[in-house]
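Going by the working numbering, the sequence shown opens with residue 528, and the numbers climb by one from there.
Glycine included, C-beta positions come from ideal geometry on N, C-alpha and C.
Worksheet for the structure shown next.
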Amino acid sequence: MAKLDRSDIVTLLQDVTLPDALKLTDSPVFTGLTITDEHVSLVIDAALDQQYADNPGQLATVRADAEGALKRDPRINRCTVVLTGGPAASPQAPVSKPTSEPKKEPPKKAPENKIAHIIAVGSGKGGVGKSTVAANLAVALAGLGKRVGLMDADVYGPSVQHLLGLTQSPKADGDKIEPLEAFGIKAMTMGLLVDQATPMIWRGPMVGSAILQLLNDVAWGTLDVLVVDMPPGTGDAQLTLAQRTPLAGAVIVSTPQDLALIDARKAISMFEKVKVPVLGLIENMSVFICPNCGHESHIFAHGGAKEAAEALSIPFLGHLPLEMAIREASDDGAPVAASADAPQAGAFYSLAGNVLDQLEASNPLPPPRLVMA
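Structure below.
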């Protein structure tokens, strides 16, 4: 079967028109088209046309028509059409036109998600190892007996698929996407839904919609903890998650030097302003131990995050070393926390235990599962 390209999608959508009779594919609101294997996703951004910007709900029927046109093509296994541009543009509540076509059987419903606690792992700036920490934290939490999911909310630079060695495309289960499983956790990332070479040139509302779909349209099932790897900074993604999701808390990752801690404090302040509990601060790349002579080098200084946590009256969750084994494991798609023989795994298990302590102080978790051999 020939691979789909943009011209194929334009042809499929040729009869989908806007209220002003302009073809959808000729309108500036038609954007964000990505084609990966048998999955097609596109964005209808009402903000790109002034006549719809103030009332994006006018395009709800257009969104439904576009999705219906794509679903009728047998070459497309799954499609995602997102309407963005304002609060009225809810992709969860499309409006459908009456049709003379015979009714199709409704898609089967996936089990409802039951997530006890959602934790955001954030940082004030990039380059501090946040995603590596998030992946290893999730794996360590699973190793402590918790049912864990890992969601990559970094739409512009997703990396969870690389950290977990995920290469296959996710499948649809009725009206939800099935997360992939690796190292005892469930995982989902935009990196599995779009071509890795395709830049995500999206405005803030589009990013927010994508994050909410990763939360709501993925069949997470029953989880004790969903770890969300946030993009760096304090922008739209963070606000969407904080304001639209009942976060149990946020974990902030920083390296020890002052330059990183300045931005880490901003991230902490942002979560506090939106009433999300800050579970604590992690000092990553705290110490480098030479593998040849055993000498300890504090390349990025040492203890700065602990001092900052004390000054801000938030918990300090622990130090994580700067070691080649952690980097090599991440590059190989096998988090070091998943290796029982790796001495570096202990630091992540200690971190996971401290995070659970902070959670359980005010939000008791279910007891660990017993796994019978």
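Query	Result
Inter-stretch contact (C-beta, 8 Å, three-pair minimum) for the region 655–667 and the region 872–881	yes
Per-residue burial, residue 802 [other beta carbons within 10 Å of its own, 16 or more giving buried]	exposed
DSSP state of residue 659 mapped onto helix, strand, coil	helix
Closest Cα partner of residue 857 within the set 657, 750, 719 and 789	657
Buried or exposed by the 16-neighbour rule on C-beta atoms within 10 Å, applied to residue 797	buried
Classification of residue 634 by the beta-carbon crowding that lies within 10 angstroms, buried from 16 upward	Only weak support is given to the placement of residue 634: the predicted model assigns it a pLDDT of 47, under 50, and the value that follows is read from those uncertain coordinates. Burial call: exposed.
Buried or exposed (CB count within 10 angstroms, at least 16 for buried), residue 782	buried
As assigned by DSSP and simplified to three states, the class of residue 880	helix
CB contact flag (residue 679, residue 756, <9 Å)	yes
CB-CB length for residue 779 against residue 809, believed under 8 Å	7 Å
Exposure label - residue 626; buried when at least 16 CB within 10 Å	Low per-residue confidence applies at residue 626: pLDDT is 45, beneath 50, and the placement is therefore not dependable enough to give any value.
Proximal residues to residue 698 (C-beta, below 6 Å), its chain only, five neighbours per side dropped	705
Neighbourhood of residue 555 by C-beta distance below 6 Å, restricted to the same chain and skipping five residues each side	575 and 576
Given 8 Å, three or more beta-carbon pairs between the region 528–544 and the region 583–601	yes
Cα-Cα separation, residue 713 to residue 550	40 Å
Terminal residues of the beta strand (DSSP E) in which residue 641 lies	641–649
Whether residue 849 touches residue 646 by CB criterion (9 Å)	no
Residue nearest to residue 873 in terms of C-alpha spacing, selected from 581, 649 and 671	671
CB contact flag (residue 684, residue 760, <9 Å)	no
Residue from 752, 795, 639 and 561 whose Cα sits closest to the Cα of residue 700	639
Strand pairing of residue 828, partner residues [DSSP]	826
Own chain partners of residue 693 with C-beta closer than 7 Å, once the 5 adjacent residues on each side are dropped	707, 709, 714 and 719
Delimiting residues of the beta strand (DSSP E) encompassing residue 605	605–611
Euclidean distance between Cα positions of residue 862 and residue 852	10 Å
Element boundaries [beta strand (DSSP E), containing residue 812]	No beta strand (DSSP E) contains residue 812, which DSSP labels as neither H nor E.
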